[in-house]
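Asker: Numbering (our numbering), first residue to last: 16 to 612.
Here's a structure for you.
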């Protein structure tokens, strides 16, 4: 260590006047000491104050530059040395060196920057702002034959690509073309895996997704799948998973998805279809997720249903009914749910037996599967009265829905259960369905649903409750009373935060209750008319109709009375068309993983 101390003193005192040979001798001594004991040597370098000297030695024309950068890279392997390197002002001159032509300097400079900025989003963001991304992409293209430099660039890309701010800069480079070109040359699994680790975060950006598709990445991925699908080697299985997962990721972008769909005639789309009957769970999963992502607009959905994709998905589900793969179940149900959104597909899918296929999973205890099962059934029965009635009279289904309405640990399942319970009534308008729901204890959940924070769910509940009041109030009377329906309606009408359509549908339900005679005293006793003198700004035809009915049946016949004028202020929404908006928007959310969302 005496030689090290001497070298440090000499570097600090004579760095500006020394010859290249004498400097190199000192630098060689530091590198040798670092190789023997990195931590202790790094501490001595920090205490000596030599780090500040290094900044002046990082010059492109100097023969010592590569060794200086190498020393910085070695000391920055220690976490405690990274901030001192930053404080010594080493980052700006290192970034400048990335424009150097010397490959050894480039390699050591990349290592030094990578180690200094390791695991620091702040420092990595600083590098991005200093413009390193276009420079590194350019280096990858120029020095693609240099394995060490290529690996350095890939490691840097992998770290920087995790930051959202980097993706816009990457999108303005030819990174997609360079990575695909490099990927095609690789034979070793480790090298491919390194490129995959860069591709995955970059492919989260929609612009880069399209660039990767146009650069030919999909063809590379399909080739990997074909080569590894029947292999039982650990590396091949890992490669198959990575390739198929990345394929699904590319489909999350609308433009890239549509480009690969090619009107349902694209070779990529056809290859993905062949994954569904595969014996590989990974390919079954990727195939079903891909179909779910292709099914993000009506045109694609209609084409796929007309061309038999529904049967393929039902066959896949059949293979996973007993002790099946949960992720495959979830993905297949997701695809069926999306396919069921277009109106023209519903009857076709019901005729194909989709409802029966989905009901086989009622016993599932997995929330992701439950969530998609419920959503699929709800999409299928939309405006399909016969199907809604058939399902609504299915006691096992309704009892399961009532059970899931209490799944407080899984908000998605609980919400979808309530929505399906309401949908069975709204679309069937059947007394038998109402009786089944009453007997199964579902009424209290519909009343609770009317207080949801989501306006769409409130609306659906109020419409279903109005139908119950109109069609089968006697059967439901006790349950409605126990659930305190009238008090809840009173709160909705008096709450300034209630949406106009909620106030209107609450009035419709109040009128239905009063008109029945069963609830007339309780509903009217809330003195509803007196509550709304502050709501006089709005007056619509639909509210007028309800208010006329209400005033006539409650002795408020004179226009100008407090009762009448207050009630006419409640406004409405004409129909339930708004309720479908959420479902369309949900279909447009791409699928990459399992979850109650």
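Ideal placement from N, C-alpha and C gives every residue a C-beta, glycine not left out.
#1: Between which residues of its own chain and residue 257 is the CB-CB distance below 6 Å, once the five residues before and five after are set aside?
#2: So, at 8 Å on beta carbons, what are the nonlocal neighbours of residue 118 in its own chain, with the 5 sequence-adjacent residues on each side left out?
#3: My output table needs one value for residue 390: the three-state DSSP class, helix, strand or coil.
#4: Going by C-alpha to C-alpha distance, which of 502, 209, 325 and 503 sits closest to residue 372?
#5: From the DSSP output, in three-state form, read off residue 529 for me.
#6: Just tell me which of 143, 86, 114 and 150 has its CA closest to the CA of residue 130.
#7: Which value, in whole angstroms, describes the spacing of the CA atoms of residue 168 and residue 114?
#8: If you draw a straight line from the C-alpha of residue 204 to the C-alpha of residue 368, how long is it?
#9: Are residue 354 and residue 319 touching if we call contact CB-CB under 8 Å?
#10: Taking the alpha-carbon positions, what's the residue 237 to residue 143 distance?
#11: Where does residue 291 sit, in a helix, a strand or coil, going by DSSP?
#12: Could you check whether residue 465 and residue 454 sit closer than 8 Å to each other, using their CB atoms as the reference points?
#13: Are there 16 or more other CB atoms within 10 angstroms of the CB of residue 387, so buried, or fewer, so exposed?
#14: Given that a residue counts as buried once 16 or more other Cβ atoms are within 10 Å of its Cβ, and exposed if not, what is residue 433?
#15: Between the alpha carbons of residue 245 and residue 170, how many angstroms are there, rounded?
#16: Would you mind working out which of 72, 44 and 153 sits nearest residue 59, comparing C-alpha positions?
#17: Whether or not the stretch 249 to 256 and the stretch 280 to 291 are in contact is what I'm after, with contact meaning three or more pairs of Cβ atoms, one per stretch, closer than 8 Å; do they touch?
#18: Which value, in whole angstroms, describes the spacing of the CA atoms of residue 223 and residue 206?
#19: Is residue 596 helix, strand or coil when you go by DSSP?
#20: For the alpha helix (DSSP H) that residue 127 lies in, which residues bound it at each end?
#21: Counting only the same chain and skipping the five closest in sequence on each side, list residues whose C-beta sits under 6 Å from that of residue 701.
#22: For residue 27, tell me which candidate among 64, 40, 133 and 195 has the shortest Cα-Cα distance.
#23: So, is residue 276 buried or exposed, given that buried needs 16 or more other C-beta atoms within 10 angstroms?
#24: Where residue 125 and residue 221 are concerned, what is the direct C-alpha to C-alpha distance, given to the nearest angstrom?
#25: Taking C-alpha atoms, which residue in 414, 525 and 477 lies nearest to residue 448?
#26: Where does residue 161 fall in DSSP's three states?
#27: Residue 18 to residue 68, Cα distance in whole Å?
#28: One question on the structure: do residue 527 and residue 484 come within less than 8 Å of each other, judged by their Cβ atoms?
#29: Say whether chain D places a C-beta atom closer than 8 Å to the C-beta of residue 115.
#30: Would you check whether the ligand GDP has a heavy atom nearer than 7 Å to the C-beta of residue 148?
#31: Suppose contacts are defined by Cβ-Cβ distances below 8 Å. Is residue 524 in contact with residue 477 by that definition?
#32: What residues in its chain sit with their C-beta under 8 Å from that of residue 279, if we drop five residues either side in the sequence?
#33: I need the straight-line Cα distance from residue 39 to residue 77, nearest angstrom please.
#34: Look at the alpha carbon of residue 147 and the alpha carbon of residue 73, and state the distance between them as a whole number of angstroms.
Answerer: In this structure, then:
#1: Here the question's residue 257 lines up with position 242 in the chain shown. So the qualifying residues of the chain are 211.
#2: For the purposes of this step, residue 118 is taken as residue 103 along the chain shown, with counting starting at 1. These residues qualify, in order along the chain: 158, 161 and 164.
#3: Reading the chain shown from its first residue, position 375 is the one you call residue 390. DSSP places residue 390 in helix when its eight states are reduced to three.
#4: The residue labelled residue 372 in the question sits at position 357 within the chain shown. Ranking 502, 209, 325 and 503 by Cα distance to residue 372 puts 325 first.
#5: The residue you call residue 529 lines up with position 514 of the chain shown. Helix at residue 529.
#6: Your numbering for residue 130 matches position 115 in the chain shown. Checking every option, the nearest Cα to that of residue 130 belongs to 86.
#7: In the chain shown, the residue the question calls residue 168 occupies position 153. In the chain shown, the residue the question calls residue 114 occupies position 99. Going by the C-alpha atoms only, they are around 14 Å apart.
#8: As a working mapping, residue 204 is identified with position 189 in the chain shown. As a working mapping, residue 368 is identified with position 353 in the chain shown. Taking the straight line from one Cα to the other gives about 44 Å.
#9: Mapped onto the chain shown, residue 354 falls at position 339. Mapped onto the chain shown, residue 319 falls at position 304. Contact: yes.
#10: Here residue 237 is taken as the residue at index 222 of the chain shown, counted from 1. Here residue 143 is taken as the residue at index 128 of the chain shown, counted from 1. Distance between the alpha carbons of residue 237 and residue 143: 33 Å.
#11: Here residue 291 refers to the residue found at position 276 of the chain shown. The answer is coil: DSSP assigns residue 291 none of H, G, I, E or B.
#12: Translated into the one-based positions of the chain shown, residue 454 becomes position 439. Translated into the one-based positions of the chain shown, residue 465 becomes position 450. Cβ distance not < 8 Å, so residue 454 and residue 465 don't count as in contact.
#13: Locating residue 387 in the chain shown gives position 372, where the first residue counts as 1. The residue is buried, with at least 16 neighbouring Cβ atoms inside 10 Å.
#14: For the purposes of this step, residue 433 is taken as the residue at position 418 of the chain shown. Buried, because 16 or more other Cβ atoms sit within 10 Å of the Cβ of residue 433.
#15: Within the chain shown, numbered from 1, the residue matching residue 245 stands at position 230. Within the chain shown, numbered from 1, the residue matching residue 170 stands at position 155. So the alpha carbons of these two residues sit roughly 31 Å apart.
#16: Mapped onto the chain shown, residue 59 falls at position 44. Here the closest residue by C-alpha is 44.
#17: no
#18: As a first step, residue 223 is located in the chain shown; it is residue number 208 there, counting from the start. As a first step, residue 206 is located in the chain shown; it is residue number 191 there, counting from the start. Roughly 21 Å between the two C-alpha positions.
#19: Along the chain shown, one-based indexing puts residue 596 at 581. Because the pLDDT at residue 596 is just 36, under 50, the model does not fix this residue reliably, and the point stays unresolved.
#20: Position 112 of the chain shown, counting from 1, holds the residue named residue 127. 118 to 131 is the extent of the alpha helix (DSSP H) around residue 127.
#21: Past the edges of the chain, shown from 16 to 612, lies residue 701, and the structure says nothing about it.
#22: As a working mapping, residue 27 is identified with position 12 in the chain shown. When each option's Cα is compared against that of residue 27, the closest is 64.
#23: The residue labelled residue 276 in the question sits at position 261 within the chain shown. Burial call: buried.
#24: Residue 125 sits at position 110 when you count from the first residue of the chain shown. Residue 221 sits at position 206 when you count from the first residue of the chain shown. Cα to Cα, the separation comes out at about 28 Å.
#25: Here residue 448 corresponds to residue number 433 of the chain shown, with the count starting at 1. Minimum Cα distance to residue 448 is reached at 414.
#26: On the chain shown, residue 161 is found 146 positions in, with the first residue counted as 1. In the structure shown, residue 161 sits in coil (DSSP, three-state: anything other than H, G, I, E or B).
#27: Along the chain shown, read from residue 1 onward, the residue named residue 18 stands at position 3. Along the chain shown, read from residue 1 onward, the residue named residue 68 stands at position 53. The alpha-carbon atoms of residue 18 and residue 68 are separated by roughly 19 Å.
#28: Position 512 of the chain shown, counted from the start, is the residue given in the question as residue 527. Position 469 of the chain shown, counted from the start, is the residue given in the question as residue 484. The answer is yes: Cβ separation under 8 Å.
#29: Of the protein chains in the structure, only one exists, and it is not chain D.
#30: Among the components modelled here there is no ligand, and therefore nothing to report on the ligand GDP.
#31: The count along the chain shown starts at 1 and reaches residue 524 at position 509. The count along the chain shown starts at 1 and reaches residue 477 at position 462. Contact: yes.
#32: For the purposes of this step, residue 279 is taken as the residue at position 264 of the chain shown. The residues are 315, 318, 319 and 322.
#33: If you number the chain shown from 1, residue 39 lands on position 24. If you number the chain shown from 1, residue 77 lands on position 62. Cα-Cα distance, rounded: 11 Å.
#34: Position 132 of the chain shown, counted from the first residue, corresponds to residue 147. Position 58 of the chain shown, counted from the first residue, corresponds to residue 73. Taking the straight line joining both Cα atoms gives about 17 Å.
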